[in-house]
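Have a look at the structure below before the remarks.
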Amino acid sequence: MKKFIELVISKRVVVNVLFIIFLIAGIESFMTSPIQNMPPVDIGKVFIYTSYYGASPEDVEKLVTSKIEDAIDGLENVEYTQSSSMRNISVVEVKFIDDTNYEELYDDMRLRILNIKNNLPAEADEPSFLYVDTEVFLPVIAVNVAGNDVSNKTLEMLAEELKTDLRKIPDVQNVVKQGDFVEEFHVALSPEKLREH
């Protein structure tokens, strides 16, 4: 160690030049390295959306959602699946077990679902996949529009105006409106009355 110190002292010019080179290289790497406050974190979650326009929630469940769930059934390293069948759309959420190879699992799951797309109704769109990491959802602000003595139609119009205004704000990437009121009419026909006419 003593010889090393003597060498450094005797070669001060070389040591100073090396120090300056390392200092410049450090500053350069600091300035060019990407810095993120909230880097994307892979959470191993996928949403599968399938549109089936004109279909009731029951038809969506029977003809789309259940078939997608059957295709996923038996896939290894799945922590849970949740599904929702609504008018016109099927949503299936798949959460993989933490610290597994998410990319490989996602590819396997996607292949299984695309292999059954011919078993889905012809009117249904091809399933689309949203692979979730924190970059998709952060930062998020939820705004609720509600009122006691206001009609659902008025609330829907206010929400649509708010959505338009929020999209005009700089750096707002996306605005999603959920919970639209869907008005339905059910007509019950009497077979006896129909026969009379």
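What the sequence shown shows, in the numbering used here, is residues 54 to 250, in sequence order. For each residue, glycine too, the CB sits at the ideal point set by N, CA and C.
Other residues of its chain near residue i: CB distance less than 7 Å, five sequence neighbours each side excluded
i    : result
S138 : P110, V113, E114, T118
V198 : L208, L211, A212, L215
Nearest to residue i (by Cα), restricted to the options the options
i    : options                : result
A212 : P223, V228, L158, E157 : V228
K206 : P223, G232, F182       : G232
L183 : V196, E156, F57        : E156
N168 : E122, I58, S104        : E122
Three-state secondary structure (DSSP) of residue i
i    : result
T153 : coil
L128 : coil
D160 : helix
L183 : strand
K148 : strand
S204 : coil
S136 : strand
F72  : helix
Assumed close pair residue i, residue j - CB separation to whole angstroms, cut-off 8 Å
i    : j    : result
D151 : G97  : 6 Å
E179 : K170 : 6 Å
M162 : V61  : So it is not a contact: roughly 59 Å between Cβ atoms.
S181 : Y102 : 5 Å
Same chain only: Cβ atoms within 8 Å of residue i, ignoring 5 sequence neighbours per side
i    : result
V225 : L219
Answer yes if the segment 140 to 155 comes into contact with the segment 104 to 122, meaning at least three C-beta pairs across the two stretches below 8 Å, and no otherwise. yes
Counting beta carbon pairs with one atom in the segment 60 to 79 and one in the segment 146 to 158, are three or more of them shorter than 8 Å? no
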